[in-house]
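First to last, the sequence lines map onto chains A and F.
So my numbering is basically just the index in the first sequence, starting at one, shifted up by 1371.
At position 165 of the second sequence the residue is numbered 151 (my numbering), and the sequence of numbers has no breaks.
Note that the Cβ used here is the ideal one computed from N, Cα and C, for glycine as well.
Since the structure comes first, as structure tokens, the remarks are kept for the end.
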Amino acid sequence: MSFRLNALLRSPWLFHLSTGSCNNCDIEVLDCLTPRFDVERFGMVLTGSIKHADVLLVTGSCNRQSAERLRRLYEQAPKPCVVVAIGECSLSRGMFVESYNCPVPIDHVVPVDVYIPGCPPKPEAVIAGVVKLMAKVREATKKGRGKAPEEVATA
Amino acid sequence: MIYPVYLLVFGVVLTGVLGLAAGWVDRKVTARVHYRVGPPLLQPWYDLMKLAGKETLIPAGASVGTFLGAPLFGLAAVTVVATVLWVNALFPAQGFLGDWVVVIYLLLIPPVAIIVGGSASHNPLASQGVGREMQVLLAYELPFLAVAVVPVIKAGGSIRLHEILAVQAETGAFARSPSGVIALIVAVVCIQAKLALVPFDVSEAETELAGGTLIEYSGPALGLFRLTKHMLFVTLPLLVIVLFLGGITLTGPGIALAVLKYVLLLAVITVIRNTNPRLRTDQTVRLFWGPVTLLAAAAVILALAGY
């Protein structure tokens, strides 16, 4: 595995974006940082600026207003950057699937690497999802030796 | 020429390694205060390596040279200060170039680098952070300069660091005298602000300014700023040790004593950071120009009177 990607997996900094969620998923994401779950054990910290982040955590059903913001944030993130969709709404729009205000699921706006289902997902599920993401990136690097990490991370 | 070797060995390698360790201690102690487990030992190293491999984004409208030059500027200054302090503390007999004035002057440069970089980044939140950083800088610089004069007065007007250390070797550390104790307390409060740690972190203020002055920095440039901060975690306590706590001796129990001094200072800084809420800019300025400056003035007067 490339040295660069190894360091990335040991220090993923998170940026948290709500695209119109009911806040339940956001609270569960914050739970992961509390003493009971403490994701700083894995080097994960919440950053205030997308320019510092390696992982974009997206919650919510992605309404018309926030779809544009989500796309812009993804473009602003320094690559390699991975996207994690958290909760039923961000996976499939959940109960808002017929809503006039939620035209597309978020993976039509930005490439999503990991989907974490649940309404809301438990903190254990969020952590399990992130562990799967790490395994996926490791696996992809083994297969795609010689490729640039950003290609592999979003493959 | 021995100076490049000094710069590399003491300024870069020793200060860098100790700085990363200090960064870990800070995060680990913070985690333990929160009843968390905290990050692994090599976490600050992983963070730097990761940042080194990330993309550097330059915001539209930013002045590119200044934006990318500022972190180098700050890192260079802290490297030189660290070298001067280490060599003076470890080999006082050499009469190494660089004295009190050089150290105080160069320590002003890392915050100025953050101000310059933040201003160059063309971001309103960064500008807000820069304004706050400038006010905080003006606030703590006054009492800091005042207490830094105390060891000079007590060393009979000498501004050479090795002479300040020699006087302390003869008469005991300055922190044993009343003026020295007051000066030490003021200096610890000032280095808390110099490190931009809570309660004096209005300029970065993650929760309201989203990183403030550093908001637009990414990749290696952000890594350089973090490395500078890690190195300041070593350099500033070392300055306090040299000025007030009798420096470092590498003979017998001297090593244990030196480690103890440093760890105690680091523990005090970390505990202050974890037990205080953030002060507003006006509160910070009022604190530093009010009680802290009065204390600093008291220390100077006591030192002049010979106590």
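Asked: Buried or exposed, going by whether 16 or more other CB atoms sit within 10 Å of the CB of TYR(-11)(F)?; Found: exposed
Asked: Would you kindly work out how many angstroms separate the C-alpha atoms of THR221(F) and ALA191(F), rounded to a whole number?; Found: 23 Å
Asked: Are the CB atoms of PHE1386(A) and ALA1438(A) within a distance shorter than 8 Å?; Found: no
Asked: Quick one: does LYS1551(A) have its CB under 8 Å from some CB of chain F?; Found: Past the edges of chain A, shown from 1372 to 1526, lies residue 1551(A), and the structure says nothing about it.
Asked: Between which residues of its own chain and THR279(F) is the CB-CB distance below 8 Å, once the five residues before and five after are set aside?; Found: LEU128, PRO129, ALA132
Asked: Any C-beta of chain A sitting closer than 8 Å to the C-beta of HIS216(F)?; Found: no
Asked: For the region 99 to 118 of chain F, enumerate the residues whose C-beta is nearer than 7 Å to any C-beta of chain A, in chain order.; Found: none
Asked: For the region 1379 to 1398 of chain A, which residues have a CB atom closer than 7 Å to at least one CB atom of chain F, in sequence order?; Found: LEU1379, ARG1381, SER1382
Asked: If you drop the 5 nearest sequence neighbours on each side, which residues of the same chain put their C-beta closer than 7 Å to that of PHE53(F)?; Found: ILE44, GLY103, ALA106, SER107
Asked: For the pair the region 152 to 172 of chain F and the region 200 to 209 of chain F, tell me if three or more CB-CB distances fall below 8 Å.; Found: no
Asked: Over what stretch of residues does the alpha helix (DSSP H) that includes ILE95(F) continue unbroken?; Found: 95 to 106
Asked: Would you please verify whether the beta carbon of PRO1488(A) is less than 8 Å from any beta carbon of chain F?; Found: no
Asked: So within the region -4 to 57 of chain F, which uninterrupted alpha helix (DSSP H) runs reach at least 4 residues, ignoring any that extend past its ends?; Found: 1 to 19, 29 to 39
Asked: Tell me which same chain residues have a C-beta within less than 8 Å of the C-beta of ARG13(F), skipping the five on either side of it?; Found: GLY24, PRO25, GLN29, PRO30
Asked: Would ARG22(F) pass as an interface residue toward chain A - the criterion being a Cβ-Cβ separation below 8 Å?; Found: yes
Asked: Kindly indicate the opening and closing residues of the alpha helix (DSSP H) around ALA152(F).; Found: 147 to 157
Asked: What separation, rounded to the nearest whole angstrom, lies between the Cα atoms of LEU1462(A) and PHE186(F)?; Found: 41 Å
Asked: For SER204(F) versus LYS40(F), is the C-beta spacing smaller than 8 Å?; Found: yes
Asked: Go through its chain and collect everything with a Cβ distance to LYS1513(A)'s Cβ below 6 Å, but skip five positions before and after it.; Found: none
Asked: Establish whether the CB of GLN29(F) and some CB of chain A are separated by less than 8 Å.; Found: yes
Asked: Buried or exposed: which applies to ARG1527(A), given that a residue is buried once 16 or more other Cβ atoms fall within 10 Å of its Cβ?; Found: Nothing about residue 1527(A) can be reported from this structure: the residues present for chain A run from 1372 to 1526 only.
Asked: Output yes or no for whether 8 Å exceeds the beta carbon distance between THR69(F) and LEU(-7)(F).; Found: yes
Asked: At 7 Å on the CB atoms, spell out the chain A contacts of LEU310(F), in chain order.; Found: Since the first residue of chain F shown is -13 and the last is 293, residue 310(F) is not available in this structure.
Asked: Tell me where the beta strand (DSSP E) around SER1463(A) begins and ends.; Found: Note, SER1463(A): premise wrong, no beta strand (DSSP E); alpha helix (DSSP H) at 1459 to 1463.
Asked: Relative to the alpha-carbon of LEU1401(A), which residue among LEU1504(A), VAL1497(A), PHE1413(A) has its alpha-carbon at the smallest distance?; Found: VAL1497(A)
Asked: Hey, does SER1420(A) have any beta-carbon neighbour from chain F nearer than 8 Å?; Found: yes
Asked: Rounding to the nearest angstrom, what Cα-Cα distance links ALA1506(A) and ARG1375(A) in this structure?; Found: 16 Å
Asked: Along the beta strand (DSSP E) that carries HIS1423(A), what are the first and last residues, could you check?; Found: Element bounds for HIS1423(A): n/a, residue is neither H nor E.
Asked: Is the region 1381 to 1398 of chain A close to the region 1414 to 1424 of chain A, with three or more CB pairs under 8 Å?; Found: yes
Asked: So for ILE1487(A), helix, strand or coil by DSSP?; Found: strand
Asked: Nearest CA to the CA of ASN1434(A): which residue from CYS1460(A), GLN1447(A), ASP1409(A), ARG1412(A)?; Found: CYS1460(A)
Asked: Determine the contact status of LEU281(F) and ILE171(F), defining contact as a CB-CB distance below 8 Å.; Found: yes
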